[in-house]
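Visitor: Mind having a look at this structure? Questions to follow.
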Amino acid sequence: MRKHFGWRVRIPVAMLVVAVGLTIAATGFSKTSGTHATASAAQPCGTGGSKATGTPILLGGIATKQPGTDFTDITNTAGDYFQCVNDNGGIHGHPIQYTTLTEATVPAQDAADAKQLIATDHVLGLVGNTSIIDCAVNGSYYKAQGFSVIDAGIAEQCYASSWSAAVNMGPRYSADGATQTAIKLGAKKIAFDQSDVPGTSYNVGGSVLIAKAAKVPLVQLTENAASLNGETVAEKEVQAAGTGGAVVLVFTPPVALEILQGAQKLGLENKAIWTCATPCNTDFLAAALGPAWNHKLYVNAEMALASNNGPNSILYRKVMSLYGSNVTGGLGNFSQFGFTAAQIAVKALLTIKGAYTVQSVNAAFQAVKGYTSDMLCKPWYYGKAAVHLPNNVDRTVWPQDGKMVQQGGCFQISAVDPEVKQVRGIEKAQGL
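For the sequence shown, counting from 1, position 391 maps to 390 in numbering that gives the first Met the number 0; every step adds exactly one.
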């Protein structure tokens with residue numbers, strides 16, 4: 000499936016009003032009659048002014064979309080932010096035309112998507128890629144073509160590479176955080192459950208090492224996310240965890256919800272320590288679970304709560320309210336990933352002097368350093384390195400009366416996981 004975001008407006012919207020520019024959000028909007036808005040201050044997206052009409056800057060993205068696994072909220076939100084940029088002056092008058100493609104974990108399809116974007120559509124940069132297999136399938140192609148991808152990574156190669164820097168931790172390091180929380184809460188045994196898609200051994204690898212270091216047994220489970228029965232899976236997980244044990248869930252929100260609702264139907268919400276990787280950090284899940292799960296589900300959160308009052312979060316919510324009708328999961332970490340990847344890309348594009356080319360765009364992406372956001376626990380960077388894991392400090396949240404609430408402060412993902420240790424060394428050496 001192909002989607003275009005950019006110089007063709009998809010829906011009429013109001014232009015945003017803020018007190019300062021790119022990363023500073025504001026207090027409100029003003030709107031004229033009709034579909035155009037006037038700004039009382041500098042714009043939050045783009046460089047300000049009327050809708051960009053110059054030669055478009057071509058960007059692309061690829062996301063997995065299949066039964067049980069849908070990451071298109073990330074690319075859709077990136078496209079929504081780009082549309083906001085275009086409506087507010089673009090990149091020095093140039094709109095961003097953002098083309099997204101989907102794949103269903105079929106290597107040939109994923110490879111064809113990458114070649115379609117780069118060789119046929121002639122995109123200059125890749126932003127928001129969120130595909131289970133994309134980094135593994137297309138990494139060598141991206142490197143050969145001179146692309147430095149700003150993605151929301153999943154596969155090992157998204158992190159163990161010079162050509163990819165993710166705004167998220169991906170399932171492995173997010174699961175590391177959930178496992179650390181389970182151990183901190185005193186789990187005597189851990190049942191680690193995830194979808195049976197490519198990369199399962201990689202996803203659980205850090206948690207295995209963290210549990211081993213803490214001398215806590217860990218049992219590995221997998222499920223067919225497209226056809227599971229929530230009650231059956233929940234019962235299996237609790238039995239595997241045993242008395243005083245914990246369950247670590249690594250699923251997209253709808254699948255995790257089915258399991259957790261199954262647990263509630265069987266009265267199992269108090270029979271284990273329930274933890275979940277980052278996808279569960281969404282008010283959609285908290286609202287669907289209801290008060291029965293108040294303070295009973297510990298969720299790893301790679302981004303701050305969507306409700307927080309920091310400037311980036313205020314802008315994110317305004318963009319979502321005006322442009323985000325295509326984002327099915329609403330406010331939460333997935334859409335925050337897309338917003339952040341797009342905002343970083345815009346920050347980079349605004350630094351380019353001269354022509355927009357594959358070389359200039361990807362050099363600008365790679366040069367990003369010290370990007371700060373209230374959504375992140377630490378500044379994000381790209382830079383030159385053999386591995387990239389710029390998001391390696393996060394939080395824990397839990398549901399409270401239909402909303403996710405932060406349960407504690409930021410903490411470091413364990414350096415027992417070897418790549419985390421390697422990245423921390425790079426950060427120290429490069430002053431990051």
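A virtual CB, placed ideally from N, CA and C, is assigned to each residue, including glycine.
What are the partner residues of Asp69, as DSSP defines its beta bridges?
Guide: Mapped onto the sequence shown, residue 69 falls at position 70. DSSP, once it has assigned bridges, lists Lys64 as partnering Asp69.
Visitor: If distances are taken between C-alpha atoms only, which option among His91, Thr71 and Ala303 comes closest to Phe410?
Guide: Your numbering for residue 410 matches position 411 in the sequence shown. Selected option, being the one with the closest Cα: Ala303.
Visitor: Is the distance from the Cβ of Gly225 to the Cβ of Ala190 below 8 angstroms?
Guide: To locate residue 225, count along the sequence shown from 1; it is residue 226. To locate residue 190, count along the sequence shown from 1; it is residue 191. As written in the sequence, residue 225 is Ala, which differs from the Gly given in the question. Against a cut-off of 8 angstroms, the Cβ pair of Ala190 and Ala225 comes out as no contact.
Visitor: Along the chain, which unbroken stretches of the alpha helix (DSSP H) at least 4 residues long are found entirely within the segment 168-212?
Guide: DSSP runs (the alpha helix (DSSP H)) wholly in the segment 168-212: 169-183 and 199-212.
Visitor: Output yes or no for whether 8 angstroms exceeds the beta carbon distance between Ser173 and His387.
Guide: What you label residue 173 is simply residue 174 of the sequence shown in a count that begins at 1. What you label residue 387 is simply residue 388 of the sequence shown in a count that begins at 1. No, Cβ-Cβ distance for Ser173 and His387 is not below 8 angstroms.
Visitor: Do you know whose CA, among Phe338, Val126, Ala286 and Leu330, lies nearest Ser372's CA?
Guide: Position 373 of the sequence shown, counted from the first residue, corresponds to residue 372. Taking only the C-alpha atoms, the option nearest Ser372 is Phe338.
Visitor: Just checking my contact of Val148 with Leu125 at CB under 8 angstroms: how many whole Å lie between their CB atoms?
Guide: Position 149 of the sequence shown holds residue 148. Position 126 of the sequence shown holds residue 125. At roughly 5 angstroms, the Cβ-Cβ gap stays under 8 angstroms, so Val148 and Leu125 are in contact.
Visitor: Using 8 angstroms for Cβ pairs, my map puts Ser194 next to Glu222. What's the rounded Cβ distance?
Guide: On the sequence shown, position 195 is the one that residue 194 refers to. On the sequence shown, position 223 is the one that residue 222 refers to. So it is a contact: roughly 6 angstroms between Cβ atoms.
Visitor: Note down, in chain order, each residue of its chain lying with its Cβ closer than 7 angstroms to the Cβ of Ala111, except the 5 sequence neighbours on either side.
Guide: Here residue 111 is taken as the residue at index 112 of the sequence shown, counted from 1. Correct list: empty, nothing qualifies.
Visitor: Roughly how many whole angstroms lie between the Cα atoms of Thr26 and Gly309?
Guide: Counted from its first residue, the sequence shown places residue 26 at position 27. Counted from its first residue, the sequence shown places residue 309 at position 310. Note that Thr26 scores a pLDDT of 27, beneath 50, so its modelled location is shaky; the value from the coordinates is reported in the next line. Whole-angstrom Cα-Cα distance: 11 angstroms.
Visitor: By alpha-carbon positions, which one of Tyr80, Phe70, Leu267 and Cys376 ends up nearest to Lys345?
Guide: Counted from its first residue, the sequence shown places residue 345 at position 346. Before going further, note that residue 345 is Val rather than Lys in the sequence given. If we check each option's Cα against that of Val345, Tyr80 comes out closest.
Visitor: For Leu321, which three-state DSSP category applies?
Guide: Along the sequence shown, read from residue 1 onward, the residue named residue 321 stands at position 322. Three-state DSSP puts Leu321 in a helix.
Visitor: For Ala13 and Asp69, I'd like the C-alpha separation in whole angstroms.
Guide: For the purposes of this step, residue 13 is taken as residue 14 along the sequence shown, with counting starting at 1. For the purposes of this step, residue 69 is taken as residue 70 along the sequence shown, with counting starting at 1. In this predicted model, Ala13 has a pLDDT of only 31, less than 50, meaning its place in the structure is not dependable; the value taken from the coordinates is given anyway. Straight-line Cα distance between these residues: approximately 29 angstroms.
Visitor: Can the beta-carbon of Ala103 be found less than 8 angstroms from the beta-carbon of Thr63?
Guide: Along the sequence shown, one-based indexing puts residue 103 at 104. Along the sequence shown, one-based indexing puts residue 63 at 64. Contact flag set, yes.
Visitor: Put Val122 into one of helix, strand or coil per three-state DSSP.
Guide: Residue 122 sits at position 123 when you count from the first residue of the sequence shown. The answer is coil: DSSP assigns Val122 none of H, G, I, E or B.
Visitor: Taking just the CA atoms, how far does Lys270 sit from Asp133?
Guide: Translated into the one-based positions of the sequence shown, residue 133 becomes position 134. Translated into the one-based positions of the sequence shown, residue 270 becomes position 271. Rounded to the nearest angstrom, the two C-alpha atoms are 38 angstroms apart.
Visitor: What residues are listed by DSSP as bridge partners for Pro102?
Guide: The sequence position of residue 102 within the sequence shown is 103, counting from 1. The question names Pro, but residue 102 in the sequence shown is Glu. Glu102 is bridged to Thr63.
Visitor: Taking Ala385 as the reference, give the member of Ile351, Ile95, Glu155 and Cys44 with the closest Cα.
Guide: As a working mapping, residue 385 is identified with position 386 in the sequence shown. Ranking Ile351, Ile95, Glu155 and Cys44 by Cα distance to Ala385 puts Glu155 first.
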